[in-house]
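Chemist: To get my numbering, take the position in the sequence shown, counting from 1, and add 75.
Using N, Cα and C, we set each Cβ at its ideal position, and we do this for glycine too.
These numbers were taken from a predicted model, which means no experiment stands behind them.
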Amino acid sequence: MKTVGLLGGTSYPSTTLYYTTINDYTRSKLGGARSASLLLHSFDFSILLSRVSSSNGDWASTAPLLIPAAKNLVSIGASAIVICANVIHAAAPAVQAALPSHIPILHVVDAVGGKLRGAGVKKVGLLATKGVCHGDFYVPPLRKRYGLDVLTPSPEETAWVDHVIFEELGKGVVTQQSRDKVLGIIEGLREQGAEAVVLACTDLAPLLEGEVEEGRVKGVKVYDSTVVHAEFVAEWAMAGGDEGSQL
Numbered sequence: 076m077k078t079v080g081l082l083g084g085t086s087y088p089s090t091t092l093y094y095t096t097i098n099d100y101t102r103s104k105l106g107g108a109r110s111a112s113l114l115l116h117s118f119d120f121s122i123l124l125s126r127v128s129s130s131n132g133d134w135a136s137t138a139p140l141l142i143p144a145a146k147n148l149v150s151i152g153a154s155a156i157v158i159c160a161n162v163i164h165a166a167a168p169a170v171q172a173a174l175p176s177h178i179p180i181l182h183v184v185d186a187v188g189g190k191l192r193g194a195g196v197k198k199v200g201l202l203a204t205k206g207v208c209h210g211d212f213y214v215p216p217l218r219k220r221y222g223l224d225v226l227t228p229s230p231e232e233t234a235w236v237d238h239v240i241f242e243e244l245g246k247g248v249v250t251q252q253s254r255d256k257v258l259g260i261i262e263g264l265r266e267q268g269a270e271a272v273v274l275a276c277t278d279l280a281p282l283l284e285g286e287v288e289e290g291r292v293k294g295v296k297v298y299d300s301t302v303v304h305a306e307f308v309a310e311w312a313m314a315g316g317d318e319g320s321q322l
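(1) Check this for me: beta carbons of A135 and L82, under 8 Å apart or not?
(2) Count the other C-beta atoms from every protein chain shown that fall within 10 angstroms of the C-beta of G285, then say buried if there are 16 or more, exposed otherwise.
(3) Is V162 near V207, with beta carbons less than 8 Å apart?
(4) Give, in chain order, every unbroken run of the alpha helix (DSSP H) that is at least 4 residues long and sits entirely within the segment 196 to 255.
(5) For R109, does the three-state DSSP call read helix, strand or coil?
(6) If you pair each beta-carbon of the segment 105 to 113 with each one of the segment 180 to 194, do three or more pairs fall below 8 Å?
(7) Do D211 and I240 count as a contact pair if the criterion is CB distance below 8 Å?
(8) Could you please give the first and the last residue of the uninterrupted alpha helix (DSSP H) stretch that includes G80?
(9) For G132, collect the residues of the same chain with a Cβ closer than 6 Å to its Cβ; drop the 5 residues on either side in sequence, then sort them by chain order.
(10) Taking the continuous beta strand (DSSP E) assigned at V127, which residues delimit it?
(11) Of the choices E232, S125, R102, whose alpha-carbon is the least far from that of T204?
(12) Roughly how many angstroms separate the alpha carbons of P88 and G222, rounded to a whole number?
(13) Using DSSP bridges, identify the partner residues of H304.
(14) Throw me the rounded Cβ distance for the L282 and V292 pair, which I believe falls under 8 Å.
(15) Give the DSSP bridge partners of E288, in chain order.
(16) Just to confirm, is the Cβ distance from V79 to A153 under 8 Å?
(17) Under the DSSP definition of a beta bridge, which residues are partnered with L164?
(18) Short check: CB of A280 to CB of T301, under 8 Å?
(19) Give me, in chain order, the residues of the same chain whose beta-carbon lies closer than 7 Å to that of R109; leave out the 5 immediate sequence neighbours on both sides.
(20) Using 10 angstroms around the beta-carbon of V287, count the other beta-carbons present and answer buried if the total reaches 16, otherwise exposed.
(21) Consult DSSP for S176 and reduce its assignment to one of helix, strand or coil.
(22) Taking the straight line between their C-alpha atoms, what separation do you get for V214 and S229?
(23) I'd like to check one pair, I261 with V295: are the Cβ atoms closer than 8 Å?
(24) Which residue or residues does DSSP assign as beta-bridge partners of D299?
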């Protein structure tokens, strides 16, 4: 069992889900009282948000804050680093470059892309922040490395989803009005041919509670990136793997 270092607090409810899912998955595979070996650095999310705000929305600007935290986790035993938020993977290349070559970042795109490819999905819809939908660190590698046809909502819908994530869900607020609108966006992606939809933000899942039937919403398969990534991390740790992201 490898020890994994988590960069979390982004937001803290979703980091809690990472922690719980990694441990639950580990126990389900190994049985008994087994659990994962994890280390956690939990950020004050407001500090990261301030950095992004002062950098014109550039999430890669968080790297100078992430790097010392990641190095500290490595110094106390982490064999890999996990960034517990999709959009903060914008900083992953800089963080990876600052770490020893044998310490990988277990990248969310590898987790999501591998899961979708394994399920035979060819065309997928993406619900995420503006930074994920429009950045070069998420959609392009899903297309190039995993051969996926990736659909995103309209710019107006993406801006609205971004607002709901940061102004409602990140603060623990879930409204029926926002739930209904997200369901409408998912329906639109399905009509465009999406075989599956990825919730590519760690705060989105609560918005669909009670709407998922046998893993589907509006007749389309839904993948929660948090769960997919957490299970990917657990598998890596249990296998004692050494291969991280190629991104």
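Modeler: Working from what's here:
(1) no
(2) G285 counts as exposed, since fewer than 16 other beta carbons sit within 10 angstroms of its beta carbon.
(3) yes
(4) 205 to 209, 214 to 219, 230 to 242
(5) coil
(6) no
(7) No; because the gap between Cβ atoms is not below 8 Å, this pair is not in contact.
(8) Element bounds for G80: not the alpha helix (DSSP H) but the beta strand (DSSP E), 78 to 83.
(9) So the list is empty, once near-sequence residues are dropped.
(10) Taken as a continuous stretch (DSSP letters only), V127 belongs to no beta strand (DSSP E), being part of the alpha helix (DSSP H) at 120 to 128.
(11) The closest CA to that of T204, considering only E232, S125, R102, is found on E232.
(12) 32 Å
(13) Looking at the DSSP assignment, H304 forms no beta bridge with any residue, so it has no partner.
(14) About 10 Å; that fails the 8 Å criterion.
(15) For E288, the pairing in a beta bridge is given by DSSP as R291.
(16) Yes, these two residues count as a Cβ contact at 8 Å.
(17) The amino acid at residue 164 is misidentified as Leu; the sequence shows His. Looking at the DSSP assignment, H164 forms no beta bridge with any residue, so it has no partner.
(18) Against a cut-off of 8 Å, the Cβ pair of T301 and A280 comes out as a contact.
(19) Closer than 7 Å at Cβ, skipping near neighbours: T101, R102.
(20) exposed
(21) coil
(22) V214 and S229 have their C-alpha atoms spaced approximately 15 Å apart.
(23) With a cutoff of 8 Å on beta-carbon distance, V295 and I261 are scored as near each other.
(24) L274
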